[in-house]
Structure formats: structure tokens, C-alpha cells
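Protein chains: 2
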Amino acid sequence: MNLNKLLKPRTIAIVGASEKAGFGGDTTRNYLKFSKNLENLYLVNPSRPEIFGRKAYPSLLDIPVDVDLVILCTPQKTIIPLLKDAAQKNCGGAVVFASGYSETGAGGKKKQDELVEEADRLGIAVMGPNCAGLANFIDGIFAFAFLVEERDRSGNIGMVSQSGQIVLAGLDSPNMGFSHVISSGNSCNVKVEDYLNFLVDDEDTKVVSAYIEGITKPKLLVETFRKAALKKKPIVILKSGRSAKSQELAASHTGSLSGSDQMLRAIFKRYGIFEAGDLEELCGISAALSWLGEMPKGRNCVFMNVSGGEAGVTADLVEEYGLPLAEYKPETLAYLKTLVPVYGSVNNPFDMTAEIGYNTPVMHNALKAISKDENVDAICIAYTITPEVWDATITHMVEAVKLARAEPGMKPIFWMPFIEHTRDSASAEALRSVGVPLLPTGRYACKILRQILDYATTDFEDTPGAVPEQSHIGQKAFSEYESLCHLAENGVPIPPQAIAATADEAVAKAVELGYPLSVKIHSADILHKSDVGGVKLNIRNEEELRQAFDSIMKSCAEKVPGAKLEGVLLKPMLKPGAEMIIGVNNDRDFGPMVMVGMGGVFVELFKDVQLAPAPLSRSQALGMIKGLKSYPLLNGYRGGQPGDVDGLADLLVTISEMAATEKDQLKELDINPVFVTEKGVAIADALRVTYEN
Amino acid sequence: MNLNKLLKPRTIAIVGASEKAGFGGDTTRNYLKFSKNLENLYLVNPSRPEIFGRKAYPSLLDIPVDVDLVILCTPQKTIIPLLKDAAQKNCGGAVVFASGYSETGAGGKKKQDELVEEADRLGIAVMGPNCAGLANFIDGIFAFAFLVEERDRSGNIGMVSQSGQIVLAGLDSPNMGFSHVISSGNSCNVKVEDYLNFLVDDEDTKVVSAYIEGITKPKLLVETFRKAALKKKPIVILKSGRSAKSQELAASHTGSLSGSDQMLRAIFKRYGIFEAGDLEELCGISAALSWLGEMPKGRNCVFMNVSGGEAGVTADLVEEYGLPLAEYKPETLAYLKTLVPVYGSVNNPFDMTAEIGYNTPVMHNALKAISKDENVDAICIAYTITPEVWDATITHMVEAVKLARAEPGMKPIFWMPFIEHTRDSASAEALRSVGVPLLPTGRYACKILRQILDYATTDFEDTPGAVPEQSHIGQKAFSEYESLCHLAENGVPIPPQAIAATADEAVAKAVELGYPLSVKIHSADILHKSDVGGVKLNIRNEEELRQAFDSIMKSCAEKVPGAKLEGVLLKPMLKPGAEMIIGVNNDRDFGPMVMVGMGGVFVELFKDVQLAPAPLSRSQALGMIKGLKSYPLLNGYRGGQPGDVDGLADLLVTISEMAATEKDQLKELDINPVFVTEKGVAIADALRVTYEN
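Structure (C-alpha cells):
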């Protein structure tokens, strides 16, 4: 759907324009106050010939020109008739504030379906319903329904939100400057994904910022993320739905289904999406990326304070958030020592003392020296910007930062305040003008800086996606033997195995396989084999094997009366090693997701798993393994033999490729455990479940 | 040391008073601007007869009355002579801004020692040196060296900080109102602990707030904490030194040694100290406690939003920070449903919609109904307070909160904004006036609310402390056998054991103990027995025992040539269970600290340990065990048998009591592993190390 008439209209009509409080009046007042160009604006009100001194037309049809965009401030029942009028004026976009649609349950959902059908038929892209409007600061259009403080909000952040209140939060946040602001509301025929796609394409947008409750176009979302990653345009997303409670609320708020939240977050990770945990983070990250002159080229930071106490607090925060501290080269250290008083010392975090912090030329020199140090990738000034400048400290420091930023090749500089984020607007503007982000306070600042360093130093690997063509229902589980055979057919190495329908056959097969053996029931009807006496381990000879065969068949027949018992599965006992779990879960929206974790309590109690969309490149697979908290246990923990991590990565890659190929058949794959020893990896059990097509 | 003349002086002299910028001028300007009573102030300057229109005296000796407190704005070399003059005026307190003392290294340390010696001799309590001064808002004294914004800062927070900049941060933070503000600087003869003790005793102080770099009076600190806990006066502490880097910085900043940081945090926990991780938290917690009308009586919260999107974000945050959501009683639910529009739904977090949020009487009724619900302990309004009130929403909501707070028995209400903490000061003041804390944004707010709920619902258990009388040097390690015997003598149950000097003796003892046995070298000189072939397990009969004896003696003699080999230690093999570690480490400052954790990777990789000062009550011991992330593994994980948690708690208590009794001998005790089964606990190995007195 082409969004140009909706988001970059040449002519605009406000229907229901008014001077009174409410959607119509507030939108009109905002528009007249904040928009650049009023020549292409038409007001419509059947009962008033003039509004705020401007001519008002009785209806859309009375407007003498074509109208690209209509802003409908009127109640629900008027919307479809107005769209029909609009279509006659070649309209291509409509903003619908009215509520009473899918957010109100089944009846409202039906009304929304009718709206979508009509809008699609008329070729009109609808923002909303149940939304708060839009602003386009590039073309100077401000069609937003909530009153806001008067100030310049233009900039390069493109923001889209399913919540009007969260758009308002963005507009109220003093560091945010926008290209476009979009309150998508119920997102009826234009979805959040369409807006994201528009903003990623939009040349005026440097940073895309979004609040999302639900995903409806997963393929477009992934394509948009990929496009953004390739052009290195950062996307920041606050996605509610980490908790069951917020998923429930989203359903009642905009009728969104959160979908598989954990999977979505794995997709975010793959494409380098900045994930915000709350509004302060959403605005903090977006504003930082918007202001930042250029990305750091590495991860090593120098923190500069004007207080020993605050340097100590900084050191603790920096460690907590995993921000790497640069080590000065000897020449930098020697130079900085000449700047501090005799009792001072040069550290990182660096307490500059008043000698540097209160002296613009000296601090300028210090910044130059630190920036020139090849061990340093970024600088962060950690100092609170008080509401009013009472001594000259801040002025001196901001001035030094401005001078430094004018130096060619100056490394990126950030500014982190300690106490609330109330900013002296002159200092803030000075920092913005030289590309120095003013971050929120302490913890938020460190979290944001860490995310920016991660983004800046991670190369995007453009692996293909594997989103299934359609949803499927029903499922079919395979026996361990069948599951393992299927893996083998797809190039996954599996240990030797054999099935035997009778005890005699088992004995014959055992000779080929070699003792000791594991013996398990072979039946697609029995998934939990141990629970029904279907497993015997460490079978050492023919006698034990015959006993095991009889015992297993008898026990399973008793305990699972209807099951078809096809005999037993024989496998040589594996050399135990670190027990890993590999799983594949084919997500409705995002296709097969591969999971790896260390078996037992690590997965279950410590939730120590890594998840990523299939297929995986080798470096992605290695990254997942190394991202596990339990990774040290695989890698020669306490002087032990390192496990075959490379072999495990190869296995992950092969399984992920198989899963991607089978994206329209595979439902789940559970490989548990995989034993990892120093000599290799060995799959001990597998369960494959497909869709029943 | 009596601090009354220092902190509550009746007469004050500023020495070095001036009209120029700098310590003297800025302090004078501040004093004249912010102090209530100027009648008891005397300015001293040898070269000017008048300052800001007030008479200035040539010297302290010229002042016609006694002077309780002198504020010395003059350089280092003048300080001791001035103290001598001051003593002649019966002075009892001095504020010393001058630097060049222990923060500058060995030479400065010597100067500081001289200052302390002289001040002690003269009976003068010194704040500083290298400090920024004090303010006493109760008596209206503002003797602070940094210029600050003009506003009312009086309140009930007593703040002490080793960093002047952090005091300034507190003074600049708009929600902070103070009884006393103390910049302790190098804390020469009055220590941070003395100030804390004063503030805990001070009737005008409701909340004690501190930034601390180092501890020098651990006994006084613990006594002060205990006193505060008994009178339920909250103490909030930001202690730098979580990282090695910040410990290093503290040493160079105020010459403080951070001491054993982990131990100090265990002490904080014992006495319910609020621990702040940065300045935003220090001020946020302090201000919240200062404003809060009364503590919640339980933990269940209701969150109220005026946006579905923000309700979702709240739900995610609330889960992340472990804030329990109240479940409405049916009558509350039924009533609230009558208030929301037909499409609205009543949840927690509760999107009130405009019907409630924009309507004062309706919101007042909603608050009354929610507060009356016995399932609800606290209410949190989650809504951003914008810098200026553009629509009436905030006014409506604040007004409703004010009305509600006037209701008898109203539950505590908190206010959490989402976007930066820039407050509309009228709204903030309205909330403060009715005891509703205005928290910092999102994550900070949730963390603070969680801490307040924990504090409010945890009863302080007044167990005795066990701080050692003096430090010791040297150490003596005991063999496993001796260590275990010592435990047994102190009432700790240990499994049967025997030592044997010869193989024949071993065989005889084995008959009494019963096979299978573990056999280990018995030698106080060998601590790592396995590494030198000194351990054989699962010895099943006499033959194996003789072989084991010979092998152990031979291997140890070869591998540890000088060691005195006293034979072997025999013990029946224990039934393995969950492997726990119990340790005691006798802290220089805080005495024996007891540690418990699950053995192996849980302690080492996941750092999953609990630490608390000895002795432990039974409920404290149980609390430690249940506080382990790995606790589910002890308690019938996945349908397994629950381990003997009670037995483990008893063991912890007994060991902690022994450690407390031996606080002047014991250095370390390492009990590793303790096997915990469903039937009991069994110590498998122990190492006791004492001081070599």
C-alpha cells in the first residue's frame, strides 16, 4: 500500500474542525499552531462558515481541489460516508480518531472489518481508528489530537506507536526531534509494519522508533529489519508482552495478539534491533542515536568526571553494565598527568579535578589527547546538568566538548548525568549541535551506551530467512528411531542404532553394534519411554538383553494398552559428556527457531538458553553457544578438557539448515540430550513432530 | 565525640569571609542568602572591616562571644593556628574546606595526622578537611561552599557524604528536603559513622541518606544500624566499591579503603539498609521515604494508568522487578466495572481510561474502593508528569489523589512517571503535601518500590553481633581430621571417622566403621589431598584398603617431600545427595560471615551464594537457603525427594554460633561438600584455619 498521500500529503482537510475542546478543536488548534504551511489546509464543518478566522467548507465535496489526506475528527458512524466523499476528491489517506472498533470486542471488530473493506475498496490508507494522529515535521504537517507544549520538535526520528499516550510521551520528551510521528491506533488497513517500512525507506529519517503491541505482517517486518540492517539505519522498539499480564492487556487495548514474544526478541537480536524495556529507554536510545555524530569504531570507553565520588559511582555502574574501560597508552597517560594537580591521579573513570573540568582550554586538550589514543573508541562525560547553571563548571565543560568535537577525527562523545534528567536547555542544545548525545541518568545511560557499542561493533550477517508459507494444523510425532533416521537422511551425524522386533533379532543386532547397549521401546505411540518401563541402560550381554527385551515389552504392553509396540531400539551406550539440548520450534510468524542450552537445571532453573531463527551461519551458531552463561562448562572449565564446541556448532548449523528447508512441514524437533565430549558430539535421543498435512 | 557544637551550633564564625568568588566568598554569600538567623553569625577577615555590609572581625579572638562552630575557608597552613584561636573561644566544631591532606598521598596523610592530633587535643570536632561544608535546615544554618539554586530545601532527610559533589547532587535534586546536610570530606576526627549515629538519634531526621567510600568504625556502624532498625528509621546508602576499579578510586579520592565490600553488603541486608546503586537511586529512595505518609502493611500493589499502552509497559516492568500485583476482591471488581466505559476492562495494571482518569470524583471513588479492598496494600499511579500541564489530566488525577489521601485508613499511594522526571512543581508539591512519593522514572521507580515493600514487610530480628576485638596476623591450618573433630566438639554432627597410622591399624578401624570407605592422607601439611594422590574412594574390602594405604603413603611422600604424614583418615562412604558448601570467613571489620551455596558450578559460575554475619537465627539461616537461586534443587525439584532443608538450616545455625564464639580465633572454615539428602545432612570434608596467636 502506498503511504505517500497519508504521510506526505500535498493537501489536507480536517473534517469536524472546531474551536471547541475535543478531537476536532484540539487538532485544529494544534494544526494552526505547529504547521509550516497552511495554504494547503482545508477545514470542514457543516455548521460553521469560519473557524479561527479561516473559511470552513460545509463538506469535503465543497473543497475546490483534490484532497490527499483527510483528518476525521468525527464519530464512528460518520466515518464510512466521509471516506466515500473523500474518495471523490482523489483522497489516498485518512486519519480516524474515532473509537468503538476492535478494541471494544466482537461488535467493534465487525465495524472495523467493514471499515477496512470500504477503505481498501476506495484505495484509502487509514491511520487508526482509535489513534491520536500524525505529524510530519519535514513538510510541516501537525495533525495530532493531543495538546502539547510549544517548542521545536523537528529532527530525524521517525516514531510509530500503537498507543497514542506513548506518542505523546515521545512528543513531550525534550531530547526527541522528529521527521514523522505516527499514532497507528488499531492499525486497521495500514499496519505497524507498513509504517516501519516507510520510515526505513524515508531519507529524512535517521532513527526509527516504535512502540508495538502485536505483529500482523511478520514477513514484512523481517524484510524491513533486514533492509534497515543492510543500510545501517537503527530501529528502536519497545514491545510490550514480556509478561503474560501485558499480553492480556494488549489484547484488550488495541485488539493485538502479542504472538510468541520470545521468538520476536530472537528476531530483534538477529537484525540488531535496539530493544527498549520502557518509555525512558525508548526515548533515551532514540534521542541518543538521533544526536550521535558517528558510531564508535570499537568498544573501549573513557569516562570523565569532576568528582572522585562520582568517578567511583561511575566505575561501579560501568562494571555492572559491562562497559569496557579503555587503557591509556603511555603517552596519553604521561600527557594527562601534566594536566592534573600534583595530588591528582589519572584513572579511567578519570576524576579530572577542577584543574581540567573548570578550565575550557585544558579540558579541550585533555579530550584531544584521549581521542587521539588508539586504545580509546568513545568518551563519556559523566556529570549532572543542573536545571540552572550556578557555577561555570557546566559552561566550561560544554564549551570544551564543543571545541573538541570540531577537531578532525574526534572520537564520539556521550554525556551522562547522574541526577534527574532535567536539563539546562542551552547546554543540551549545545551538545546536540555537535553530535553529543545527552543520555538519561545513570543506569539508563549505561544500558543505552552498552547497546550502542554492541550495535556499532556487530557486523550484520545477511543470512536468508525461513518464514513458512502458511499456518498448519494437526501434528504427527515420530518414534525416536524414525526421528533419528530422518536426521541421518538430512546429513546430521547420528550414532549407530538398530531396531529389533524380537529378542532373537535383538541379540543378532547387538553383536553388530557391540555391548554395552541401551534398549528402549520402539513405538511412535510412546513418547515418554522411561515412565512406562520402556528403557534399560548398560545392557552388557545376551542374557541381560533378553531379560531387558521381555521386561520392556511386558511393561509397555501393560502400561500403554493401546500402543502399537514395534519392538526395541538398540544403541551402543554413549560416552557421557556435557549434556546439551538442541530444539527447533517452528514459529507461526517467524518460522523455525533453533534453541540451544545445557541440559537439566541450566535450561530449566536458570533459563540459560539461546534462541535464533533458522538457518544459522557457523558464526551465528558459535555465537549462540558462547552466549550461554554455562558456556565455560563446555570450554575446559577448571582445567578440564574443552568440549568439542566446533562440532556442536556444526551440528547446530546442519539442524538449522534442515529446519529451514522443512519450514512448511516441521513443527518441533527436540534433540535431548546431545553429549559433548572433547572428541565430538553425539545425539542420544530425538523427537520429531511434523504438521499433519 | 559530642557533635552538637559542630552540627547544632548556637554561634558561628566564618573565617576567610569575603565578597569574592571562591570558598570564602561563596560560603559567605550562601550563608547570608539561605540562613534563617544571622544574629549569631560572625565574619572574620583580617584585611576587611566590612563584608556585604556586615561587620567583619580581624580575628576569631576579637569576637565578643564564645563561638561554637568555625567555618574555615582559608588555606591549609592557617588551619592549626586558627583551631588554637577557636579553642580559646570555647569552640567545639570546625568545618575545614582546605585540601592537601590524606587525598594527596603520604605527605598529606602526615599533615592530616597532625590536624587530628591537634583537634583532638583542643576538643574540636572537625568536618573535613577537603569537604564542602554543612547545612542545618532545622536551625537555619547554611555553611556550604558550592553555590546552589534558590529554593526551599528544608525537610526531614539527614544526608552525609564523603563526596562534596554528591552532596551537591542531593541539594540540586528537586524532591530532596533536608534536616541536615553534611559533606564529611576526608572525615579526619569525625567519621562517617559518627555522623550516621548522630542522624539516627536526631529527632528531626526521618530518613538517613549517605554516600560512603570507606568504613573506619565498623562496630559503631553496626550499632548505629541496629539502633535505626529497632526504631524503624530507614537508612539509605550509596557505597562505592562494588568494582575493583572504584575501590582503587576511593583510595585516591579521600584516602578511604573500601574494605570487604561483599561483607558490608551482607551487613546492609541484615539491618534492612536501603542500598542505592547510583545517585538517582540514592536521591530517589531517600525522597520517597521522606515523602511517604506511612509504610505499606503488605506487598500487593495496584497500578493505575490512563493508557492501555502504558498499562502494558507497566505490567512488563512490574514483573521484571518482582512487584506482586493485587487481585481485586469480587466486590471491588464489580464496582470498578461500573466506572469504566462499556468497552473498558478492569485489570491490574488498570487502564482507567479517560472516564476515570479525567474525572476527579470518579477517580476519587475508584481510589477509595481499591484502598478498601483487603487484598490491596499499596497503589501506584503510573503516569508521566509533563513539564507544564497542557490538558487537565494531571490536575484531575492529582486532585483525586489528594481527596483520597484525606480519607481515613487510605492505603499508601505512590506516583511513577514514565518519561524523565522533570516535574511540574505544583503537582509535585501537591503530592508531597499528602504523603505521595513522586518516584523517578520506570526502572528506578520499580526498583525503589520493591525495596520499600521489602523493608516494610520484613521484621528486624535483633540477633547479637560478633565483631572481633582486634585484628590478628598469621594463620594455622588444621587437617581434615582435626577440623572435623573440632566441629564435633562444638556440637556439629559429623559422620564417623578414624585415623590410622599403619595399614594394620586401618584394617582394624575399618571393621568398626564398615565398608565401603573413603581413605585420605592424614597430614596438616597437605591441603589439596586429591592433587597428590592422597585420596582413594569406595574401598570395599581389606585387600583394597591395604593397597590404598600403601599407594597414598607412597604417592604423598613422593609428591610432598617435606610433609609430616601421620597416616590415613578413614570414613564410611556417604550417601551422595545435593552438594552444598558452607563457609565462614572472619571479616576484619564485621567478624565471622557465614556463606552457603550449592557446590560446583552454582557457586563458581553463577555466583549463587548467600552471605550473612554470624550468629544466625534459625529463620535467618532458612532465609539464606531459600534465597539461593538453586534452592528449588534442594526442595523436591521436578518431583524428586525434597532434601532436608531443616537439617541444613540447623547445621548453619550451629556453625554460625561456633564461629561467633570463636570470633577472635577462627580465620576461615570451609565445609565442602555437605551432602543433603531427604534423610539428613552429612559433612564430607572440612578445613579449619585459625589465627596464629
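For the record, the sequence lines run as chains W and G.
Residue 11 is where the first sequence starts when you use my numbering, and the numbers rise one by one after that.
Residue 11 is where the second sequence starts when you use my numbering, and the numbers rise one by one after that.
Backbone N, C-alpha and C define an ideal beta-carbon position, used for all residues, glycine too.
For clarity, every value in this text was computed on a predicted model and none was experimentally measured.
Asked                                                                                                                                                                        : Found
Do the CB positions of Gly318/W and Asp361/W come within less than 8 angstroms of each other?                                                                                : yes
Cys311/G to Glu285/G, Cα distance in whole Å?                                                                                                                                : 22 angstroms
State the DSSP-derived secondary structure class of Asn47/G, mapped to helix, strand or coil.                                                                                : coil
Taking only beta carbons into account, state which residues of the region 288-300 of chain G come closer than 8 angstroms to chain W, listed in chain order.                 : Asp288, Leu289, Glu290, Glu291 and Cys293
Name the DSSP beta bridge partners of Tyr52/G, please?                                                                                                                       : Ala23/G
Using three-state DSSP, classify Lys636/W as helix, strand or coil.                                                                                                          : helix
Quick one: is Ile24/W buried, meaning 16 or more other Cβ sit within 10 Å of its Cβ, or exposed?                                                                             : buried
Does DSSP put Gly607/W in a helix, a strand or coil?                                                                                                                         : strand
Name the chain W residues that come within less than 9 angstroms of Asn357/G, Cβ to Cβ?                                                                                      : Lys255, Glu258, Leu259 and Ser262
Could you check whether the Cβ of Gly63/W sits closer than 8 angstroms to any Cβ belonging to chain G?                                                                       : no
Taking only three categories from DSSP, how would you classify Ser268/G?                                                                                                     : Unreliable positioning characterises Ser268/G in this predicted model, as indicated by a pLDDT of 48, which lies under 50. A coordinate reading is not provided.
Hey, how far is the Cα of Ser268/W from the Cα of Ala260/W?                                                                                                                  : Unreliable placement is indicated for Ser268/W, whose pLDDT of 49 sits below 50; no coordinate value is reported for it.
Thinking just about the alpha-carbon of each residue, which of Gly165/G, Thr324/G, Ser296/G and Val328/G is nearest to the one in Asp149/G?                                  : Gly165/G
Closest by CA to Ser296/W, which one among Asn207/W, Val218/W, Lys378/W and Glu568/W?                                                                                        : Val218/W
Could you tell me the distance, in whole angstroms, from the CA atom of Gly657/W to the CA atom of Ala364/W?                                                                 : 56 angstroms
Taking only three categories from DSSP, how would you classify Gly586/W?                                                                                                     : Note that residue 586/W is Pro in the sequence shown, not Gly. Three-state result, Pro586/W: coil.
Using the Cα positions of Ser256/G and Gln272/G, report the straight-line distance between them to the nearest angstrom.                                                     : 14 angstroms
With a floor of 4 residues, list each alpha helix (DSSP H) that falls wholly inside the region 378-420 of chain G, ordered by position along the chain.                      : 403-415
I think Gly138/G touches Val106/G, with their Cβ atoms under 8 angstroms apart; what is that distance to the nearest whole Å?                                                : 4 angstroms
Using 8 angstroms for Cβ pairs, my map puts Leu679/W next to Ala694/W. What's the rounded Cβ distance?                                                                       : That belief does not hold up - the Cβ atoms of Leu679/W and Ala694/W are roughly 14 angstroms apart, past 8 angstroms.
For Ala276/G, which residues in chain W fall below 7 angstroms Cβ to Cβ?                                                                                                     : In chain order: nothing, as chain W lies at least about 17 angstroms away.
Using the beta-carbon count (16 or more within 10 Å), is Arg453/G buried or exposed?                                                                                         : buried
Going by alpha carbons, who is nearest to Glu439/G out of Gly187/G, Glu329/G, Leu230/G and Asn146/G?                                                                         : Gly187/G
Check the Cβ of Tyr701/W against every Cβ in chain G and list those closer than 7 angstroms, keeping chain order.                                                            : The premise fails here: Tyr701/W is roughly 30 angstroms from chain G at the closest Cβ pair, so nothing lies under 7 angstroms.
Starting from the N-terminal side, write out each stretch of the alpha helix (DSSP H) that is 4 residues or longer and does not extend beyond the region 434-474 of chain W. : 435-443 and 452-467
Quick one: which chain W residues come within Cβ less than 7 angstroms of Pro642/G?                                                                                          : Leu615
Quick check for students: name the residue ranges of the beta strand (DSSP E) that lie wholly in the region 493-571 of chain W, counting only runs of 3 or more.             : 508-510, 527-531 and 545-549
Between the Cα of Gly419/G and the Cα atoms of Ser381/G, Ile61/G and Ala239/G, which residue gives the shortest distance?                                                    : Ser381/G
Taking 6 angstroms as the limit between beta carbons, can you name the residues of its chain near Ala155/W, skipping five residues before and five after?                    : Phe33, Asp36, Thr37, Phe107, Ala142 and Gly143
Closest Cβ-Cβ distance between Tyr331/G and chain W: below 8 angstroms?                                                                                                      : no
Which same chain residues end up closer than 6 angstroms to Asp535/W when comparing Cβ atoms and leaving out the 5 residues on each side of it in sequence?                  : Ala573 and Lys574
Please report the residue range of the beta strand (DSSP E) in which Tyr701/G lies.                                                                                          : Ala696 to Tyr701
Can Val316/W be considered in contact with the ligand MG, in the sense that its beta carbon sits closer than 7 angstroms to one or more heavy atoms?                         : What this structure holds is no ligand at all, so the ligand MG is not there to describe.
Go to Leu248/G, then tell me how far its beta strand (DSSP E) extends in each direction, as first and last residue.                                                          : Ile245 to Lys249
Do Leu527/G and Leu494/G count as a contact pair if the criterion is CB distance below 8 angstroms?                                                                          : no
Is there a Cβ from chain W that is less than 8 angstroms from the Cβ of Leu335/G?                                                                                            : yes
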